[in-house]
Amino acid sequence: MYNETLLMMPGPVPMPESVRNAMTKQAINHRSKEFGDCYADIVRVLKPVFGTKNDMLVLSGSGTAGQEAALGSFARGKKVASLVNGKFGERLGQIAAIYGESVMIESEWGHPLNLEGLKEALENGAEVVTLVHNETSAAILNPAEEVGKLARKYDALFILDAITSIGGDVVETDKWGADVAIVGSQKCLAAPAGLAAVSVSQRAWDRLSETRPFYLDLKKAKKSADGNPMETPSTPAVPLFLALREACRLIEEEGLDNRIARHHKMSAAVRAAGAAWGLAPVPQVDALHKASNTVTGFFYPAGIEDSQIRGVCKKMGIEFAGGQDRFKGKIFRIGNMGIIDTPEILATVAAVQMAFKKAGYTLEGDGLAAAVEVLSS
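Okay, here's the thing in structure tokens:
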């Protein structure tokens, strides 16, 4: 990656060379067997990555397109309980409000979800529940299994945004009772941005809304995908499908368990560095809520500006994320999604440590040594 910025973001992420090269292929007919085979191969690989045997559809559009397809196809006119402890949970609730009655069940960003509030909303007639599994805005991993149990107890549909966890952490769509699960291509799958994959249960199909979006109608997507060869209802982003198929091949080659273990180890190294530095982590964890395994967030200490850390690291060729909305200027977030491994983590931790030194701030300890200890174990 010489002369290229190292993206340590919670998406988009660095792409393997073979994934990038897959997009250079000459155009193919999207109504051909060649495209259908590509689509089918993506679905074959992604189903176990999702932990599902349900229908799998790939949409041309970002993860947000997958969210809107889900809510537009299954939540129109319904009461939707949206759990919120970060920016993306909030956005799901905002999308839900376009199609139905949105009830936001809010917690402080990065704090545990209000599961009692969810129970109350379900008792008051909520028919759909939305959850962001891995809330990257606050670097917190939410308890999808517990939410799924509550949704099923009250016979509500469960829409799970696993956009930043599928392919990098354990996701058990079927076991957790998620009727719809969503991933974005540019996160842990390490493919280009612009595709969303969506799994749909039979329970969800049985409750399909009569009026749905035109482009993001999942019924249309299913009808086309059920054909032989597999197709999409409208012209797909063919180069992105080809790149995603290659990314899926690499996931299979590495092995899902190995891939998840790598993500866990990389995030543990960043957390160890932060602890050694004496920085406060963003997420407030408990028995159910854990720190994200694909992005790690820390609060800036008093007197440190975002530009002194992220700005300096960007000049060194390493880019990671700041805070969004109410967290803007208050936190920084280091992603470890996709193909990120030991060299990238060490480079990033060293750059952050150097940036703090240049800013004149004395950290408590040696974060680089702490990260090395984790990565060498």
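Here this note's numbering is used: the first residue of the sequence shown is 16, the next is one more, and so on. Glycine included, each C-beta is placed from N, C-alpha and C at the ideal position. The structure displayed is predicted, hence computed values, not measured ones.
For asparagine 44, does the count of other Cβ atoms within 10 angstroms reach 16, so buried, or fall short, so exposed?
As a working mapping, residue 44 is identified with position 29 in the sequence shown. Exposed.
Between phenylalanine 50 and alanine 42, what straight-line distance do the alpha-carbon atoms span, to the nearest angstrom?
Taking the sequence shown and counting its residues from 1, the one referred to as residue 50 is at position 35. Taking the sequence shown and counting its residues from 1, the one referred to as residue 42 is at position 27. The straight-line gap from Cα to Cα measures roughly 10 Å.
Let me know if proline 25 comes out buried or exposed under the rule of 16 or more other beta-carbons within 10 Å of its beta-carbon.
Here residue 25 corresponds to residue number 10 of the sequence shown, with the count starting at 1. It is buried - the Cβ of proline 25 has at least 16 other Cβ atoms within 10 Å.
Which word fits glutamate 83, buried or exposed, when buried means at least 16 other C-beta atoms lie within 10 angstroms of its C-beta?
Numbered from its first residue, the sequence shown carries residue 83 at position 68. It counts as buried.
Contacting residues, own chain, Cβ-Cβ under 7 Å from alanine 370 (five flanking each side not counted)
Residue numbering aside, residue 370 sits at position 355 when the sequence shown is read from its first letter. Counting only Cβ-Cβ distances below 7 Å, and skipping sequence neighbours, we find Gln323, Ile324, Val327, Cys328.
Meets three-Cβ-pair contact criterion under 8 Å: the stretch 343–362 and the stretch 160–169
no
Alpha carbon to alpha carbon, what distance is there between serine 152 and alanine 159?
The residue labelled residue 159 in the question sits at position 144 within the sequence shown. The residue labelled residue 152 in the question sits at position 137 within the sequence shown. In a straight line, the C-alpha of alanine 159 is about 17 Å away from that of serine 152.
Span of the beta strand (DSSP E), counted from its first residue to its last, around arginine 260:
To locate residue 260, count along the sequence shown from 1; it is residue 245. Per DSSP, arginine 260 belongs to no beta strand (DSSP E); it is in the alpha helix (DSSP H), 253–269.
Among the residues of its own chain, which have a CB less than 7 Å from the CB of alanine 171, if the five just before and after it don't count?
Indexing the sequence shown from 1 puts residue 171 at position 156. So the list reads Leu137, Ala141, Glu142, Val143, Val144, once near-sequence residues are dropped.
Would you grab the beta carbon distance between asparagine 157 and leucine 146 for me? Rounded to a whole angstrom, and I think it's under 8 Å.
To locate residue 157, count along the sequence shown from 1; it is residue 142. To locate residue 146, count along the sequence shown from 1; it is residue 131. Correct: roughly 6 Å between the Cβ atoms.
Reduced DSSP secondary structure (H/G/I, E/B, other) of isoleucine 181:
In the sequence shown, counting from the first residue as 1, residue 181 sits at position 166. Three-state DSSP puts isoleucine 181 in a strand.
Same chain, Cβ closer than 7 Å to proline 251, five either side skipped, listed in chain order
Reading the sequence shown from its first residue, position 236 is the one you call residue 251. The answer, listed in chain order, is His45, Ser75.
So, is glycine 92 buried or exposed, given that buried needs 16 or more other C-beta atoms within 10 angstroms?
The count along the sequence shown starts at 1 and reaches residue 92 at position 77. Classification of glycine 92: exposed, given that the 10 Å Cβ count is below 16.
Within 10 Å of its beta-carbon, does aspartate 232 have 16 or more other beta-carbons around it, so buried, or fewer, so exposed?
Here the question's residue 232 lines up with position 217 in the sequence shown. Aspartate 232 is buried by the Cβ-count criterion.
Kindly confirm or deny that the stretch 92–108 and the stretch 246–264 touch, where touching means at least three C-beta pairs closer than 8 Å.
Contact fails: fewer than three Cβ-Cβ distances are below 8 Å.
Span of the beta strand (DSSP E), counted from its first residue to its last, around arginine 348:
Residue numbering aside, residue 348 sits at position 333 when the sequence shown is read from its first letter. Counting along the chain, the beta strand (DSSP E) containing arginine 348 begins and ends at 346–350.
Assigned exposure category for glutamate 261 - 16 Cβ within 10 Å defines buried
Your numbering for residue 261 matches position 246 in the sequence shown. Classification of glutamate 261: buried, given that the 10 Å Cβ count is 16 or more.
Just how far apart, CA to CA, sit alanine 336 and glycine 344?
In the sequence shown, the residue the question calls residue 336 occupies position 321. In the sequence shown, the residue the question calls residue 344 occupies position 329. Between alanine 336 and glycine 344, the C-alpha separation is close to 10 Å.
So methionine 71 is in the beta strand (DSSP E); what residue range does that whole segment cover?
In the sequence shown, the residue the question calls residue 71 occupies position 56. Where methionine 71 is concerned, the enclosing beta strand (DSSP E) stretches over 70–75.
Minimum C-alpha distance to serine 97 - residue among Lys134, Gly66, Glu359:
If you number the sequence shown from 1, residue 97 lands on position 82. Looking at the Cα atoms, Lys134 is the closest of the given residues.
Using C-beta distances below 6 Å, list every residue in its chain close to serine 33, excluding the 5 sequence neighbours before and after it, in chain order.
Residue numbering aside, residue 33 sits at position 18 when the sequence shown is read from its first letter. Closer than 6 Å at the Cβ level, and outside the excluded window around serine 33, lie Glu261.
What did DSSP end up calling serine 322 once you bin it into helix, strand or coil?
Taking the sequence shown and counting its residues from 1, the one referred to as residue 322 is at position 307. Three-state result, serine 322: helix.
With three or more beta-carbon pairs closer than 8 Å as the criterion, would you say the stretch 271–283 touches the stretch 303–310?
yes
Under 8 Å between the Cβ atoms of glycine 318 and glycine 382?
Here residue 318 refers to the residue found at position 303 of the sequence shown. Here residue 382 refers to the residue found at position 367 of the sequence shown. No, Cβ-Cβ distance for glycine 318 and glycine 382 is not below 8 Å.
Quick check on arginine 59: buried or exposed, where buried means 16 or more other Cβ atoms within 10 Å of its Cβ?
Within the sequence shown, the letter at position 44 stands for residue 59. Its Cβ having fewer than 16 others within 10 Å, arginine 59 is exposed.
Spell out a yes or no on whether the stretch 182–198 and the stretch 59–74 are touching, meaning 3 or more CB-CB pairs, one atom from each, closer than 8 Å.
yes
One question on the structure: do alanine 111 and leucine 72 come within less than 8 Å of each other, judged by their Cβ atoms?
By one-based count along the sequence shown, residue 111 stands at place 96. By one-based count along the sequence shown, residue 72 stands at place 57. The answer is no: Cβ separation not under 8 Å.
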